[in-house]
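Heads up: the sequence shown at position 70 corresponds to 174 in the working numbering, and the numbers run straight through without jumps.
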Amino acid sequence: MTGLLIPGSHVAEVELAIDQVTIVTPVEAAATVRCILGPVRCGARFDHIRDSAAAIDLELTQILVYQRSVVELDPVHTALVTLRGAGVQLLMSATPRSRWQAIRGTNPPL
(Lines of atoms letter the chains of each structure in order from A; the text may use other names.)
(Lines give C-alpha, C1' and ligand atoms only; values in the text may rest on other atoms or scores of the structure.)
Protein backbone atom coordinates (compact mmCIF):
# COMPACT_ATOMS: atom_id res chain seq x y z
CA MET A 105 0.00 0.00 0.00
CA THR A 106 1.29 3.44 -0.85
CA GLY A 107 0.44 6.70 0.90
CA LEU A 108 -1.67 9.21 -0.97
CA LEU A 109 0.23 11.69 -3.10
CA ILE A 110 -0.27 15.36 -2.40
CA PRO A 111 -1.41 16.99 -5.67
CA GLY A 112 1.45 18.66 -7.53
CA SER A 113 4.20 16.87 -5.61
CA HIS A 114 5.94 13.54 -5.15
CA VAL A 115 5.44 13.62 -1.37
CA ALA A 116 3.21 10.90 0.11
CA GLU A 117 0.96 11.28 3.13
CA VAL A 118 1.77 8.97 6.03
CA GLU A 119 0.19 8.03 9.35
CA LEU A 120 1.44 6.35 12.52
CA ALA A 121 -0.74 5.08 15.37
CA ILE A 122 0.88 5.44 18.79
CA ASP A 123 0.64 2.59 21.29
CA GLN A 124 3.13 3.67 23.97
CA VAL A 125 5.09 6.91 24.20
CA THR A 126 7.91 8.05 26.47
CA ILE A 127 8.76 11.74 26.55
CA VAL A 128 12.58 11.80 26.66
CA THR A 129 13.06 15.59 26.61
CA PRO A 130 10.72 18.53 25.92
CA VAL A 131 11.50 18.08 22.20
CA GLU A 132 12.05 14.31 21.87
CA ALA A 133 9.89 11.23 22.35
CA ALA A 134 10.35 7.50 21.86
CA ALA A 135 7.19 5.69 20.81
CA THR A 136 5.99 2.24 19.89
CA VAL A 137 3.93 2.78 16.76
CA ARG A 138 2.10 0.95 14.00
CA CYS A 139 2.27 2.24 10.45
CA ILE A 140 -1.28 2.90 9.25
CA LEU A 141 -0.55 4.71 5.98
CA GLY A 142 2.79 4.55 4.30
CA PRO A 143 5.44 3.35 3.99
CA VAL A 144 6.85 5.90 6.43
CA ARG A 145 10.49 6.92 5.93
CA CYS A 146 13.05 8.49 8.26
CA GLY A 147 12.78 12.24 7.87
CA ALA A 148 8.97 12.17 7.64
CA ARG A 149 7.35 15.30 9.11
CA PHE A 150 4.15 15.06 11.16
CA ASP A 151 2.02 18.19 11.41
CA HIS A 152 -1.19 17.09 13.09
CA ILE A 153 -2.82 14.61 15.42
CA ARG A 154 -5.91 12.97 13.95
CA ASP A 155 -9.14 14.22 15.58
CA SER A 156 -7.32 17.12 17.27
CA ALA A 157 -6.83 20.80 16.52
CA ALA A 158 -3.46 20.76 18.29
CA ALA A 159 -0.50 21.80 16.14
CA ILE A 160 2.65 19.68 16.08
CA ASP A 161 5.86 19.77 14.07
CA LEU A 162 7.63 16.45 14.57
CA GLU A 163 10.36 14.78 12.54
CA LEU A 164 10.81 11.01 12.50
CA THR A 165 14.53 10.61 13.18
CA GLN A 166 14.90 6.89 13.85
CA ILE A 167 13.01 3.63 13.21
CA LEU A 168 13.95 0.46 15.09
CA VAL A 169 12.45 -2.90 14.12
CA TYR A 170 13.52 -5.80 16.34
CA GLN A 171 16.31 -3.52 17.65
CA ARG A 172 17.67 -2.93 14.13
CA SER A 173 17.72 0.49 12.54
CA VAL A 174 15.73 0.70 9.28
CA VAL A 175 14.97 3.63 6.98
CA GLU A 176 11.34 2.74 6.23
CA LEU A 177 8.33 1.18 7.95
CA ASP A 178 5.61 -0.50 5.88
CA PRO A 179 1.89 -0.43 6.72
CA VAL A 180 0.66 -2.70 9.54
CA HIS A 181 4.20 -3.17 10.87
CA THR A 182 5.19 -2.03 14.36
CA ALA A 183 8.41 -0.29 15.40
CA LEU A 184 10.06 1.82 18.07
CA VAL A 185 10.56 5.31 16.65
CA THR A 186 12.15 8.55 17.77
CA LEU A 187 10.24 11.78 17.11
CA ARG A 188 11.78 15.23 17.58
CA GLY A 189 10.27 18.69 17.49
CA ALA A 190 7.40 20.79 18.75
CA GLY A 191 4.41 19.02 20.24
CA VAL A 192 5.92 15.86 21.74
CA GLN A 193 4.18 16.72 25.03
CA LEU A 194 0.82 16.28 23.22
CA LEU A 195 1.53 12.63 22.37
CA MET A 196 -0.28 10.08 24.54
CA SER A 197 -0.05 6.35 25.12
CA ALA A 198 -3.09 4.19 24.44
CA THR A 199 -5.06 2.92 27.42
CA PRO A 200 -7.72 0.22 27.73
CA ARG A 201 -10.32 3.02 27.59
CA SER A 202 -8.84 5.08 24.75
CA ARG A 203 -7.98 4.27 21.19
CA TRP A 204 -4.52 4.72 19.74
CA GLN A 205 -3.60 8.32 18.94
CA ALA A 206 -2.68 8.79 15.26
CA ILE A 207 -0.30 11.38 13.82
CA ARG A 208 -0.35 12.40 10.16
CA GLY A 209 2.23 13.99 7.95
CA THR A 210 4.32 13.54 4.84
CA ASN A 211 7.46 11.69 3.82
CA PRO A 212 10.47 13.72 2.72
CA PRO A 213 10.81 14.13 -1.05
CA LEU A 214 12.80 11.42 -2.77
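For each residue, glycine too, the CB sits at the ideal point set by N, CA and C.
ask   = Got a sec? Which residues, its chain only, sit under 6 Å from residue 174 by beta carbon, not counting five neighbours each side?
value = 167.
Buried/exposed call for residue 205, threshold 16 Cβ in 10 Å = The residue is buried, with at least 16 neighbouring Cβ atoms inside 10 Å.
Beta carbon of residue 187 nearer than 9 Å to that of residue 164 = The answer is yes: Cβ separation under 9 Å.
inquiry  = So, with DSSP's three-state summary, where would you put residue 106?
reply    = A caution first: residue 106 carries a pLDDT of 47, below 50, which makes its placement in the model too unreliable to give a value.
inquiry  = Relative to the C-alpha of residue 216, which candidate in 146, 123, 196 has its C-alpha closest?
reply    = No answer is possible for residue 216: the residues shown for the chain start at 105 and end at 214.
request  = Mind checking which residues open and close the beta strand (DSSP E) that includes residue 183?
outcome  = In this chain, the beta strand (DSSP E) harbouring residue 183 covers 182 to 190.
query = Which value, in whole angstroms, describes the spacing of the CA atoms of residue 172 and residue 135?
reply = Between residue 172 and residue 135, the C-alpha separation is close to 15 Å.
ask   = So, is residue 157 buried or exposed, given that buried needs 16 or more other C-beta atoms within 10 angstroms?
value = In summary, residue 157 is exposed, with fewer than 16 beta-carbon neighbours lying within 10 Å of its beta-carbon over all protein chains present.
query = Using the C-alpha atoms, what's the distance from residue 123 back to residue 213?
reply = So the two alpha carbons sit approximately 27 Å from each other.
query = Hey, residue 162 and residue 142 are a contact pair by Cβ (cut 8 Å); roughly how many whole angstroms apart?
reply = Cβ-Cβ separation between residue 162 and residue 142: approximately 15 Å, too far for a contact (criterion under 8 Å).
task = Please list the segments of the beta strand (DSSP E) lying wholly inside the segment 158 to 184, counting only runs of 3 or more residues, in order along the chain.
result = Counting whole runs of 3 or more residues, the segment 158 to 184 contains the beta strand (DSSP E) stretches 159 to 169, 172 to 174.
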